[in-house]
Every structure is written in structure tokens, then in C-alpha cells.
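Enquirer: First, the structure itself, so that you have it in front of you.
Residue numbers (the working numbering), protein chains in the order written: chain U, 1 to 263; chain C, 264 to 699.
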């Protein structure tokens, strides 16, 4: 069989873009005409490279939809999504997948590791799927950095929740994506494992220079981010820099009031 | 626990579709052939007709029972394995292993019973057609009336329910026992069927070349060998996978996934191996038989005709039955993997790559199944041909075999790919969050 080596010749531009992610008037509506629910109502935002942003809001505020539209897992009804200077155009799932491969990494609440693959195999899976060269030493290095250097041959069902999530982070790091999207990454973890995972996400930004967007409902998790975006009823409802747990919790508690007042 | 079982059937009838279908088809086959016993036993049936009917019921009823047993068992094993999450939940909610066992066995028995009862009508119709077939070929007197009686009814219900209960019991015992020795039972059954099959095939040599029942031990032996091979197939599948030079993304996934799922794949390999083995054995043996009769220059006797009709009917039934079982279990197994496909897509696999993986898996499955099926078939054909004629292998070319392999490959590939395509229609994010 043939094997193509590095396909990442930056099809999307010459120099690195200053913004890792830009959304312009992104709208998404679910349901039919009768019972339409507007999950995203013209959201516009821009995230610089090398930042760690938390997206918060009450249930149904559209934060999961925001993540899915921004990450190319769902197609917005209207609006533009630009990742690392390249506009995400609609099209087939295969095209979207190829767009995501080199630009976007994921960390999910439910880990989404493949049970049939070992830790090492799960980590290199995105590279294999993209037919990219696998640098074993680099993979081992990343897995050691997340504290799993001695578990390369284990299967996900032999690991704790925290360990599984760390594999997921290693998998998201290995393709060197522009943006890592994390959807409630600590939602299923105990406090100690959650802290480890959040520190690793911070390191992804500070050490590896990635951009991390994390959806969460937990003020403690949000306090690890550089800034927090608040979302209510599908619209941006404020931003907070250098968040603290108490400030985030307070702001979240009164998020409904602001929206009511704004109507 | 039985109440819970009934409720879980009522709530999710679709889940039991595969089990119901296999119980229904199995019971229909058993009842159809065993109603020949009832017909033969009725008053005023002459001796020749009665003998023709009893032979048919005895020989095919025997095959059929064996086939149905393994088909129902393999479907149920797939079913129970897919419910491991639910079983785990019940364990955590305080259900004892005995309670879970009662629930799963109760469900299976209830579904099998429904399947068997539904099969009564079609079996009566099928039995009537079969009797017409015998009457048309002159093997049974026109005056014989069709009877559907206790033998058909009881054997059909008993065998189906017993097969379901036994298979469910074994499957759930595997599921509820977390640790402990695994696969000892499987190895025992595999060895037992290989030894019995081998003995049965060898006993062909004890018959005279013109004995009417010459084909029976060879055919039984082939079935048993096929079952034995199917039980051993996971190990051999793993060995094969280690040697496959597949490098592309789809190949990478296919090889690694199949190696882990090898044990589960024997449920799919069972009908595939049975199909190939039985179809090959019966069709070639019949061809040899026809040639031998032609060569002897004597016109075909009633017995010979009888046997030919029977064999063709048997092959017809086996082809349809195994094919449906194969499609059934592949469909169930592939639908169940929706979540896995979703995870692969989230990790960066295009739908085409997932389909490519399924295609490669199907090919490996087909090659393995055809290989063992052919081995089992040959084990039946060779002794028969040696006893019946002077040669070792039939004179017929590979045409029949290619036909059989074509049907097997088409059934596996089309079912897997069509089911996977449907599973891929769910968006990846939705697919991974679906409760399995």
C-alpha cells in the first residue's frame, strides 16, 4: 500500500492567522416552523491564538450548539465560521471531516475513546485516519506529559474516568490542531481528576500554544480559563477576563436578570 | 423478575425482532418436516408412502433441529451481549445474578414461544406443499391426506423454546460472571462437535456404496464440523488478522477492531460457515449421486428420487434459513455499532473511511467463513464420493462452489454496507450520545 506523508502543507493560507477562531453572525434553529427553537441567534466572536476561553450559560442557552457549529460538527443555518484563517464551508460530511482533521481537536464529557483500541492506538488514531506520519517518540512524549506513559498498552475500560479524559487530551494534542474544543470535559469526573484535566488544558495553551474553547456549567472549571464568555438564549451575554470562581458564580446567577432587563 | 422480563419485551419489541425471527423460522422448519411424521402416522396410509414420509421427517427433521438450535443460540448470544450495559445497570440496582438470569431466560422463552406459535400457520402451509411435492414425484400415494398433529406441534415448540432457554442461560452466565475462566465451555463444545463430526464423516466408510442413507452421516458430520469450526474461528481469525498487510486508515481500523471483536464475530461466522458447508456438501453429494445412478444405467428408483427431492428441498431451506440468519445477525451486530462509528467519525474518520473499514471486515469475514465452510463441506463430500464412486473428488467443476461463495459474499457485503450506511446517517455527535 502507499502511504502519504505529511499532508499538512497549510492549504488554508501562508502565514498563521492572528485569530484561531472567528464566528460571524452564526445562527442555528432547531425544529420545524411551528415549534422552532433558536439555539444560536447571530453570535459573533473572535478568539485570539493561545487563549483559553470558557463558554458558560444555563441549560438551553445554546452553548453546546455553539461548540458544535464552531467545531464543524453541525452546520449553522447562516453565518461564517473561520478556523485558523480558513473559512469552514458547508458541504459533505467528508469535506467537513477533512477540514476538522488538521485544525480541530476534541475532548468530550464521555471521552469517546474506542474500546477496541489501546491508549497508544487511540492517541494516534487521528493521524492514521488523516494518513499522516506517526512520530512514535512524540506520541510517547505527549502521553507521558499527561501522566500515562506507563499505560500505553491499556484499553480504555481498564482506566479510570480521569485517565480516560487524559488520553482524550493527548489525542486532541497529537494532531497539533489550532483549536481544541472541550465539551464539559470535567462533567463526569471527581474533583481531583477534574483539576488534573483542567491543568492539562491550561498547559495545552501555555506550553503547546494551542487555543482551547471549553463549554462548562461549573464555575470552578471556568476559573481555570483566561476569560469566560456568557451565553443566554442563544446570544452572547457578557465576557469576563481573569475569572474567579465566585465572580463567575455570581455572574451566572444573575444572567437571567440581564436578559430580562434587555428585553 | 419475570414481570420485568415481560415489561421489557413490551417496551422494546424491536430489540427482540432478531430473536423472534430466528425462533419463528426455526419453528416453522421443524414443524413443517415433523408434520410428515403426523401425516405418516394417520390411518390408511400405505407402507411405502409412510416410509417416504418418515425418512423425510427423520433426516431433515434431524438436520433442521441442529441448525435451528445453533441459529437461535447465535442470535441470542448477540442479543445478550448487546445488553451488557442494561445488565450491568440491573446489577448495580441490586439484582442478583440469579434474578438477571431468570429475567433474560424468561424473556427469551417468551419470545421463542411467540415465534413458535406464529410459525404454526406457515408450517401447515409448508407441510402441505411438501406433501404435494412428494405426491407429484410419485413417492407418496395421492390418497394420503395432510395431517398436522401433536408430533409437529410439540417438537416445534419444545425444540425452539429449549434452544432459546439454553442459549440465553449460557449467554447470560457469561455476561453476569465478570471474572473466572472464560471460554472453557466454548472449547469443550468446539472439540466435542469436531470429534463427533469427524466420527460421523468417517462412519460413511462403514456403509455399502448403495445404501440409501449413505448421505446422512456425511451431511450430519459436515454440520457438526461446521459448528466446531465456527466455535474455533475467533482464534483462527485473530491469527489471520495478525498477518494481513493492511495499512490504509480503513484497514488499520478494521484489523484492530476485528481482533478485539473476534469472539463476538463467531456469532456471525456460524451461519456463514453452516451455509457454505451445507450448501457445498449437499449439492456436490447430490451431483455425485446423480452421476453414479446414470453410470449404473438403471432408471432411478423411488428411493433415489425421494432422496434427490429431499436434498434439493434441504438445500433450499438451508440456503434461505442460513442466509436470513446471517443477514439477521449481521444487521443486529452492525446497528449496534452506531456509537462506535460515531466515535470514529469524531476522531476524524470520514463516512467513506468507516464504510471502507466495514467493507474490509466483511471481506475478511467472508474469506474466513468460506474457508471453514468449504473445509466442513469437503470433509463430508470426500468420504461420500470415495464410497459411492472410485474417485476421491466429484467430477463436477467449481461452478457450484463459485455460486455458493457468490451468494455468501453478496449477503455479507450488502447487509453490512447497507446497515452501516444507515447507521452513518445519524450525525456523529448524536450517534455517540445515543443510549446503546
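Note that the Cβ used here is the ideal one computed from N, Cα and C, for glycine as well.
Answer with buried or exposed for residue 586 of chain C, where buried requires no fewer than 16 other C-beta atoms within 10 angstroms of its C-beta.
Expert: By the neighbour-count rule (16 or more Cβ atoms within 10 Å), residue 586 of chain C is buried.
Enquirer: With three or more beta-carbon pairs closer than 8 Å as the criterion, would you say the segment 637-655 of chain C touches the segment 498-511 of chain C?
Expert: No contact exists between the segment 637-655 of chain C and the segment 498-511 of chain C.
Enquirer: Compile a chain-ordered list of the residues in the segment 610-642 of chain C whose CB is closer than 9 Å to at least one CB of chain U.
Expert: Correct list: 610, 611, 612, 613, 614, 615 and 616.
Enquirer: State buried or exposed for residue 183 of chain U, treating a residue as buried only when at least 16 other CB atoms are found within 10 Å of its CB.
Expert: Buried: at least 16 other Cβ atoms inside 10 Å.
Enquirer: Give me the DSSP bridge partner(s) of residue 298 of chain U.
Expert: Because chain U in this structure spans residues 1 to 263, residue 298 of chain U falls outside the shown range and cannot be described.
Enquirer: So residue 98 of chain U contacts chain C; which residues on that side make the cut at Cβ distance below 9 Å?
Expert: Ordered by position in chain C, the residues that pass the 9 Å Cβ test against residue 98 of chain U are 611 and 613.
Enquirer: Identify each residue in the segment 665-696 of chain C for which the Cβ-Cβ distance to at least one residue of chain U is less than 9 Å, and report them in chain order.
Expert: Listed in sequence order: 687, 690, 691, 692, 695 and 696.
Enquirer: May I have the straight-line CA-CA distance separating residue 573 of chain C from residue 319 of chain C, to the nearest angstrom?
Expert: Near 7 Å, if we compare the C-alpha coordinates of residue 319 of chain C and residue 573 of chain C.
Enquirer: Give me the Cα-Cα distance between residue 691 of chain C and residue 72 of chain U, rounded to the nearest whole angstrom.
Expert: Distance between the alpha carbons of residue 691 of chain C and residue 72 of chain U is about 11 Å.
Enquirer: Could you run through the segment 579-606 of chain C and flag, in chain order, every residue whose CB is less than 7 Å away from some CB of chain U?
Expert: Against chain U - using a Cβ distance shorter than 7 Å - the residues of the segment 579-606 of chain C are 603 and 606.
Enquirer: According to DSSP, simplified to helix, strand and coil, what is residue 1 of chain U?
Expert: Only weak support is given to the placement of residue 1 of chain U: the predicted model assigns it a pLDDT of 40, under 50, and the question is left unresolved by the model.
Enquirer: Can you name the residues that DSSP bridges to residue 366 of chain C?
Expert: The partner list for residue 366 of chain C (beta bridge, DSSP) is empty, contrary to what the question assumes.
Enquirer: Tell me, which residues are paired with residue 22 of chain U by DSSP?
Expert: DSSP, once it has assigned bridges, lists U:46 and U:82 as partnering residue 22 of chain U.
Enquirer: Could you spell out the range, first to last residue, of the beta strand (DSSP E) harbouring residue 227 of chain U?
Expert: Here the beta strand (DSSP E) through residue 227 of chain U covers 227-232.
Enquirer: In terms of residues, what are the limits of the beta strand (DSSP E) holding residue 238 of chain U?
Expert: Where residue 238 of chain U is concerned, the enclosing beta strand (DSSP E) stretches over 235-241.
Enquirer: Closer than 8 Å, CB to CB, is residue 351 of chain C near chain U or not?
Expert: Answer no: the Cβ-Cβ gap between residue 351 of chain C and chain U never drops below 8 Å.
Enquirer: Can you check DSSP and say which residues form a bridge with residue 56 of chain U?
Expert: DSSP output for residue 56 of chain U lists U:230 as bridge partner(s).
Enquirer: I need the straight-line Cα distance from residue 512 of chain C to residue 371 of chain C, nearest angstrom please.
Expert: Using only the alpha carbons, I get a separation of about 40 Å.
Enquirer: Where DSSP assigns a beta bridge to residue 265 of chain U, which residues make up the other side?
Expert: Residue 265 of chain U lies beyond the range of chain U shown here (1 to 263); nothing can be said about it.
Enquirer: Is residue 3 of chain U close to chain C? Criterion is C-beta to C-beta, closer than 8 Å.
Expert: In this predicted model, residue 3 of chain U has a pLDDT of only 41, less than 50, meaning its place in the structure is not dependable enough to derive any value.
Enquirer: So the candidates are U:208, U:200, U:246 and U:236; which of them puts its Cα closest to the Cα of residue 220 of chain U?
Expert: When only C-alpha atoms are compared, the closest one is U:246.
Enquirer: Note down, in chain order, all residues in the segment 495-529 of chain C with a beta-carbon under 7 Å from any beta-carbon belonging to chain U.
Expert: From the segment 495-529 of chain C, only 510, 511, 512, 515, 519, 520, 523 and 524 have a Cβ closer than 7 Å to chain U.
Enquirer: By the 9 Å beta-carbon criterion, what residues does the segment 342-367 of chain C contribute toward chain U?
Expert: So the list is empty, because no residue satisfies the distance condition.
Enquirer: Please classify residue 683 of chain C as buried or exposed, where buried requires at least 16 other C-beta atoms within 10 Å of its C-beta.
Expert: The residue in question, residue 683 of chain C, is buried, as its Cβ has 16 or more Cβ neighbours within 10 Å.
Enquirer: Could you list which residues in chain C have their beta carbon closer than 7 Å to that of residue 121 of chain U, in chain order?
Expert: In chain order: 519.
Enquirer: Anyone know if the C-beta pair for residue 468 of chain C and residue 650 of chain C falls short of 8 Å?
Expert: Yes, the Cβ-Cβ distance between residue 468 of chain C and residue 650 of chain C is below 8 Å.
Enquirer: Of all Cβ atoms in chain U, is any one closer than 8 Å to the Cβ of residue 651 of chain C?
Expert: Answer no: the Cβ-Cβ gap between residue 651 of chain C and chain U never drops below 8 Å.
Enquirer: Could you have a look at residue 87 of chain U and say whether DSSP puts it in helix, strand or coil?
Expert: Note: residue 87 of chain U maps to strand in three-state DSSP.
Enquirer: Go through its chain and collect everything with a Cβ distance to residue 594 of chain C's Cβ below 8 Å, but skip five positions before and after it.
Expert: Hits under 8 Å: 281, 678 and 682.
Enquirer: DSSP three-state label for residue 71 of chain U, please.
Expert: Reduced to three states, the DSSP call for residue 71 of chain U is coil.
Enquirer: Is there a C-beta anywhere in chain C that falls below 8 Å from the one on residue 184 of chain U?
Expert: Judged by the 8 Å Cβ criterion, residue 184 of chain U is not in contact with chain C.
Enquirer: For residue 289 of chain C and residue 307 of chain C, I'd like the C-alpha separation in whole angstroms.
Expert: Their backbone Cα atoms lie some 31 Å apart in a straight line.
Enquirer: Flag this pair as yes or no: are the beta carbons of residue 613 of chain C and residue 97 of chain U separated by less than 8 Å?
Expert: Contact: yes.
Enquirer: If the criterion is Cβ atoms closer than 8 Å, does the pair residue 397 of chain C and residue 298 of chain C meet it?
Expert: Against a cut-off of 8 Å, the Cβ pair of residue 298 of chain C and residue 397 of chain C comes out as no contact.
Enquirer: For residue 491 of chain C, which residues of its own chain have a beta-carbon under 7 Å away from its beta-carbon, when the five flanking residues on both sides are left out?
Expert: Around residue 491 of chain C: 453, 456, 457 and 460.
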